[in-house]
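Chains as they are written, first to last, in this note's numbering: chain V, 161 to 509; chain F, 69 to 583; chain G, 108 to 204; chain Y, 10 to 500.
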Amino acid sequence: MNGEFLTPIDAFTVIDLVFMMMLVTVGIAIVRLKDLFAIVMLSGVYSLVSAAWFVSLDAVDVAFTEAAVGAGIATVLMLGAMLLTARKAAPAKPARHWAALIIVCATGAALLYATVDMPSFGDPLSAPNAYVGLEYLKQTGPDTGVPNVVSAILASYRGYDTFGETTVILTAGLGVILILGLGGPARRKKKSVAAKTAAGKSLSSHHVVLRVVSKLMIPIIIVYGAYVQFHGDFGPGGGFQAGLIIASSIVLYALIFGIDAAKEAVPPSLVRLGAALGVLIYGGVGVINLLLGGNFLSYNTLNPAHPTHGQELGIMFVEIGVLVTVASVMLIIFYGFTSRQPDISDKDW
Amino acid sequence: MNASFAPDFLTWLPAWLVMQSAALLVVMPLLSGPIALVLSRGRLAWTWAIIISLATFAMALILYGQVLEHGSVEYAFGDWAPPLGITYNIDALNMLILLLVAGMGVLSLFYGLPSVLREIAPKDQAAFFAAFMLCLTGLLGVAITGDAFNVFVFLEISSISTYVLIAMGGRQDRRALTASFHYLILGTIGATFFVIGIGLLYMATGTLNMADITAQLRLHGDDRVVRAAFAFIVIGLGLKTAMFPLHTWLPNAYAYSPTVVGAFLASTATKVAFYAMVRFTLGVFLPGSPFSDAFLGLVLAPMAVAAMVICSVQALYQTDLRKLLAYSSVAQLGYMLLGLSMGTMAGVSASLLHLFNHALLKGGLFMGLGIFALSFGVRQVQDLRGLGKTMPVAAAAFAICGLSLIGVPLTAGFWGKYFLITAALEKGWWWAATAILISSVLAIFYVGRMLETMYLQPAPKTKGRSKKITAKAPLLALIPLVLLAVANVWFFVDASLPKGLADAAANVLFGGGAP
Amino acid sequence: MIFAANLLLMASMTLMLVRLLRGPELYDRVLAVNSFGTKTVLFLCVFAFLIGRPDAVDIALLYALMNFIATIAILKFFRYRTLDVALSRMQRRGENS
Amino acid sequence: MSWTPELGLLLLLAVPLTGAVGVLALSRWPNLRESATLLTGVALLANVTLLVMAVDTGARPTLTLINMVGGLSLNFTLEPLGAVFAALASALWLINSLYSIGYMRGNHAQDQTRFYLSFTIAIAAAMGVAASGNMFTLFVFYEALTLSTYPLVTHNGDEKARRGGRIYLSILMGTSIGLFLPAVIATQVLTGSTDFMAGGLLAGSITPALASVLLILYVFGIGKAAIMPVQNWLPNAMVAPTPVSAFLHAVAVVKAGVFTMLKMSVYIFGLDFMRTLPAAHWLAWVAAISIVLASLIALSKDNLKERLAYSTISQLSYITLGAMIATPLAALGAALHIIMHAWGKITLFMCAGAIYTARHITNVSGMKGLGKSMPWVFGAFLIGSLSIIGLPPLAGAWPKLMLMMGATDPINRIFIGALIVSSLLNVAYLLPIPVRAFFGKPDVKKGKIPAAPRLTVIPPVLTAAGTILLFFAIGPILDFLRPVFESGGMQ
């Protein structure tokens, strides 16, 4: 302890510990609070902290995803969900508290029990670092030509898992379509005229700054999304994060200019199609590989002469598929939540 | 299995198709989901789903042929060799499940059209079939894969689509929404436990490929991380399997979901989760380690017995037909878990055989109820009155499946119980055999009550709808039901297919020489 | 030095966290969240220098963008309890009521 | 294609099942439908006769129907005991079919197609039981018999019938799945087969303690043998129409039960082994108590069919008793009793049905003075009663004699007492009925006395005549059965 405190490892450990304490504090606060609005904000903070922590743990890609999901779109979607329910959580039965506490304690005890035999943090000889992980680090360059090992693993080595995850996202979107609906297309004619006149009248209002800034921001966000998409091979990022970012830009548009305007720009039918299309693009790459004589998602077949070019090409298309589905499903959820009338209101409680 | 049985149809087919059948088996229904969503017309989407499900079943048959010929099949995605990439590994154990799920998928879809047209809003029908195909995909994907994390991914596909499908019963009965929500909460906890378990396993072994995990565990030995992983995985999958104290989601979920969903899930979903449990407890973790033996014998077996007895009693007291069958399902899962907890080849083989038969008979029972519900709005036991005369064919098929549930000889259900008792006696677990018998006797009562009401009580003089006339069940729905009833008799007479597969599967797990 | 900057940023994050948890008004919390987001962005930038990986700056940039959207959504919800109507029309509605 | 014993075995099942299809196909034309039933009966009887002749000449036809999984098979082997049961069931089934036609039409019963359909399936199941070559096959057909007779028991469809049916099904299925099945499985696990073997499959291969447990499982698991305390289904099943009661409770179901009991003791345990088991002795006591108790209960019943039901319980336990005493003579007596009791009891049941069809009288107390208007019916009833009591020259005399002769060991002598007490009780509860009918004064004189349909009168007279015939035909029957108990019966 003495004197060695400022060696790098220990210094980072301090940062890790502080973030961990913050996470625990925020977590407990979320459990204890009843005000759903405060909980939404706290969960936003939770993901900010965890993303920062992930960076300090050197898990940049995870932090990137956490940032894209937790900070922006998740908050908006949770607010959308809140619109459909009440402001405050209903009190739970005490018996449930105890049951939950027992389960949580048992789970924690099992995890603590396991920690004794866990490899120490960062141990280069531990199984995850020494075995397949090391193999990935060695092989990614020659096999795929992609500098970012994480991208190579996600989109190529374990590309089939990513295909599955994309399908999970589509399934979630499908669930929203089936249970909540998309709220139909934009309420056109009359309403849009009304919107225009309203827009004209409110020019003088103080929202004008916001609107102008947003109009500036939206293209920047989209360009940034494109950067994340295509830079994914080199740095953190990829189709999933890019999809979230692009969806966020449309959410921002909807927040400022109204859901009808957003639906005119990006109609629900298009979004529905997009959700399906992304998975089809991803699977389509696999099917093409099949037709070219390889196994499913065997990108080498795309360019047999230069397998690494084939890999790069395949990863690019696959990431586009992910982008399309993710962005579409996020909008499906946003449309589904926001264009639905609440079943219950505060007065019901 | 005998190689001389290998069907020569493999030689007629293009080699390419045979080689890719493992991938196509899952990828075809997966891609058909989004396409069905785009088709956006109910009947069109249904036709499409039927075509794909038939093709999927054909792929399962091709794979079966390969398994018969080679014993096992491996398919590497992206042509990446196992520890790096994801592989599908098909052996007798998952072949049984694949055949079952693919077959039930076809039957359920044929069965489903009339009820879907009735129960689901027209604008949602295409999306409904898309969700159905994704559910099928997820179940197939869990069963076929040889990669531990891939199990999780496909488990999620099947779970999320299942939540959605169950919630679609909300148009008939709003309670479907709470049932679905309840399942969602518990299912998510289960999935989380499962993924924690996988994470711990990765921590201990550094690999995700199941066969490789086993190999690493053999080198690495047993430690606390592995034990914790075992416990997390069993509990996580236990929630999905509706293992006894974790089954609370199941009765409502089955009772309020759309009829076709109830029939499909009852015959496949818990079975696939149970398969995953068998695969992990005996196939991935080293069988015979003191910890896993203790866990199976001291934790799983009592739970299984409790499920068999307590849930059979609960089934006795149900008035809602689908809940009755759902509780009976939990009890029957107890049989399967009991066979697993024996940890012997005979026990596992018996429980897989019971799994197969139970899928056939429970699917048939739910389909029968669906037909009755479609024609007469039957929900309660007393609503069955007089149906023996008004719908003779459907009622007879329902009755056969019911007898099979009891385990009467001349029906397939008999074999599962027969071999379970044999396995229990061989292990010296006379108390387990007793529990099986008690539960079977209870089954006589709850099945008997349904059949008696159906055949012996006169039809009520209903307002408007007269039950006097013989009602025509929708033919499309009736055919799968009758097929299942016939299968229930056929697999008594000639149980060599399921029994052979179950034996070969148990052989895979216990490694008793080449299959 | 850079490390000290990091620690200071974390200290101010902790202070914001206290305000967030203590409230007392909902508005205080909104402000605290926004400020916390800004601190996180700064932290990530500084930390990127500390560990010598510019990747973290990408994340900071992403945060800045996302936090903007989230803050607008929170404020809109806070003020009007809806997300779907255009802000310009909302203005009128707010004045009339 | 010429007839061979193996083909005959197949026909045992094929003929009634074809008949069932015929009944179903001809359901719209009652006369044709009944012709199909009778034709089936005749064909079956002819087939069985040929088989009996073949078995008599020493043939033991064997047929493996299906080889099943797990080393099990549906396997038929006809030996003398089975041949006797098959002959009995098919002969009485034909007579009973005639009677059914009269009864069902006389009472304008509903759902007659279902009735005849179940009836033909039931006889197929009984034939399967008779010809089973192993315990597993027997168990399968035993269950099939339970299920196929359930619609017959609940035929009337009212609340009472449903209640009776519920008890019938739950006791029979409960005991068979809960006790009989584990016994079969245990047999399979212990010996690797369930085949009926001369001298006993289990003999010598398991410890007496284990064998005793198995024996208890078997005896109480074979609920159709109606040993107390699993007898309650039998009186409850009396809600069925009388032809059903006649057939089920005199011939097919109960006799399938005691037949199984006998098969079990001869071929699974082996008589020699049985005699060494203490459990067998105690079970003999249970049987003896059943005999006496059921007779006493019969005495207290006024409803004729209920009285006959308890009488059946008592008489069935004779057979169980014989199987448990397990001396060759006692077992032979038990086997004879299967035949002789069947003829006597079916006569009584058919008479009861005839009385009901003609007069709608069910209680013994209401039968005073009926004898004059129904001389044939009550005459047959008298003969049947005397046969049950065991008076020569009626069939019932032989088995009682054999049973008593088989129980002369000091340890078994007490059972002779039980048999005598029971015979006296038989006299007390059976004889008053015909006596009162012939000599009592009718309560109310009615203007017109309806006659019983002819088809309900002829069959009981036939079977009553049969009881006399059988008394004199004892020689060939003994010769036919003796190999079973002396040399094991199987070759």
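By construction, the Cβ of each residue, glycine as well, lies at the ideal position given by its N, Cα and C atoms.
Fill in: Bridge partners - Y/SER82, DSSP secondary structure assignment
Y/ASN76
Worksheet item: Since Y/GLY115 contacts Y/THR465 with CB under 8 Å, what's their CB separation in whole angstroms?
Response: 6 Å
Item to complete: Kindly indicate which three-state DSSP category Y/GLU315 falls into: helix, strand or coil?
Response: helix
Discussion item. Using beta carbons (cut-off 8 Å, strictly below), is F/PHE145 in contact with chain V?
Written reply: yes
Fill in: Proximal residues of chain G, C-beta to C-beta of V/TYR273 below 9 Å
Ordered by position in chain G, no residue passes the 9 Å Cβ test against V/TYR273, which lies about 31 Å from the chain.
Worksheet item: Taking the Cβ atom as the reference point for each residue, do V/PHE497 and V/LEU340 lie within a distance shorter than 8 Å?
Response: yes
Worksheet item: In chain order, what residues of the region 71 to 104 of chain Y put their CB closer than 7 Å to some CB of chain F?
Response: ILE75, MET77, VAL78 and GLY79
Discussion item. Let me confirm a value: G/ASP135 is counted as buried when at least 16 other C-beta atoms fall within 10 Å, else exposed. Which label applies?
Written reply: exposed
Worksheet item: With burial defined as no fewer than 16 other Cβ atoms inside 10 Å of the residue's Cβ, what is the status of Y/PRO419: buried or exposed?
Response: exposed
Worksheet entry | Simplified DSSP assignment, three categories, for F/ALA36 | This structure gives no information on residue 36 of chain F, because the portion of chain F shown stretches from 69 to 583.
Fill in: Check whether Y/ILE364 and Y/VAL386 have beta carbons under 8 Å apart
yes
Discussion item. My output table needs one value for Y/ALA332: the three-state DSSP class, helix, strand or coil.
Written reply: helix
Worksheet item: Is F/ASN218 close to chain V, meaning its C-beta is less than 8 Å from at least one C-beta of that chain?
Response: yes
Discussion item. Please tell me whether F/MET163 and F/PRO97 are closer than 8 Å, where the distance is taken between their beta carbons.
Written reply: no
Worksheet item: Looking at C-alpha atoms only, which residue of Y/ASN312, Y/ILE328, Y/ARG172 and Y/PRO14 is the closest neighbour of Y/LEU300?
Response: With the sequence shown as reference, residue 300 of chain Y is identified as Ile, and Leu is not the correct amino acid for it. Nearest option by C-alpha distance: Y/ILE328.
Fill in: Stretch pair the region 237 to 250 of chain F + the region 260 to 271 of chain F: three plus CB contacts closer than 8 Å
no
Worksheet item: Just reading off the alpha helix (DSSP H) that F/TYR231 is part of, what are its end residues?
Response: 216 to 235
Item to complete: Would you please state the rounded distance, in angstroms, between the beta carbons of Y/ALA98 and Y/ALA139? I believe it to be under 8 Å.
Response: 7 Å
Worksheet item: Taking a cut of 9 Å between CB atoms, which residues from the region 279 to 296 of chain F lie near chain V?
Response: ASP280, GLN284, HIS288, ASP291, ARG292, VAL293, VAL294, ARG295 and ALA296
Item to complete: Scan the region 166 to 179 of chain Y for residues whose Cβ lies nearer than 8 Å to a Cβ of chain F and list them as they occur along the chain.
Response: GLY166, ALA170, ARG171, GLY174, ARG175, LEU178 and SER179
Discussion item. Can you tell me whether Y/LYS450 is buried or exposed? The criterion is at least 16 other CB atoms within 10 Å of its CB, across all chains shown.
Written reply: exposed
Worksheet item: For chain Y, is any of its Cβ atoms less than 8 Å away from the one on F/LYS495?
Response: no
Worksheet item: Which residues in the same chain have their Cβ closer than 6 Å to the Cβ of Y/LYS122, if we skip the five residues on either side of it in sequence?
Response: Reading off the sequence, residue 122 of chain Y comes out as Thr, not Lys. Counting only Cβ-Cβ distances below 6 Å, and skipping sequence neighbours, we find SER36.
Fill in: Distance CB(V/GLY443)-CB(F/VAL95) smaller than 8 Å
yes
Practice prompt. Tell me, please, which residues DSSP counts as bridged to Y/THR71.
Written response: Y/THR86
Discussion item. Let's test the definition: count the other Cβ atoms within 10 Å of the Cβ of F/ILE501 and tell me whether it reaches 16, buried, or not, exposed.
Written reply: Just to set this straight, residue 501 of chain F is Ala in the shown sequence, not Ile. When all chains shown are included, F/ALA501 counts as buried.
Discussion item. Which residue marks the beginning of the beta strand (DSSP E) containing F/ILE158, and which one marks its end?
Written reply: 155 to 158
Item to complete: Please report how far the alpha carbon of V/GLU295 lies from the alpha carbon of F/THR275, in whole angstroms.
Response: 11 Å
Worksheet item: How long is the line joining the alpha carbons of V/ARG256 and Y/ASP120, rounded to whole angstroms?
Response: 56 Å
Worksheet item: Pick from V/ALA435, V/LEU452 and V/ILE313: whose alpha carbon is nearest that of V/GLY392?
Response: V/ILE313
Fill in: Listed by chain order, chain A residues near F/GLY475 by CB distance under 9 Å
As a matter of chain content, chain A is missing from the structure shown, whose protein chains are V, F, G and Y.
Practice prompt. Compute the beta-carbon to beta-carbon distance between Y/LEU226 and Y/ILE277, rounded to the nearest angstrom, for a pair I have assumed lies under 8 Å.
Written response: That pair is no contact at about 11 Å.
Worksheet item: In terms of residue numbering, what span does the alpha helix (DSSP H) encompassing Y/MET270 cover?
Response: 261 to 272
Worksheet item: What's the C-alpha gap between G/LYS183 and V/PHE224?
Response: 26 Å
Discussion item. For V/ALA435, tell me which candidate among V/ILE188, V/SER316, V/PHE400 and V/GLY453 has the shortest Cα-Cα distance.
Written reply: V/PHE400
Discussion item. Let me make sure I understand the geometry here. Which of F/ALA160, F/THR124 and F/PHE125 has the alpha-carbon closest to that of F/VAL141?
Written reply: F/ALA160
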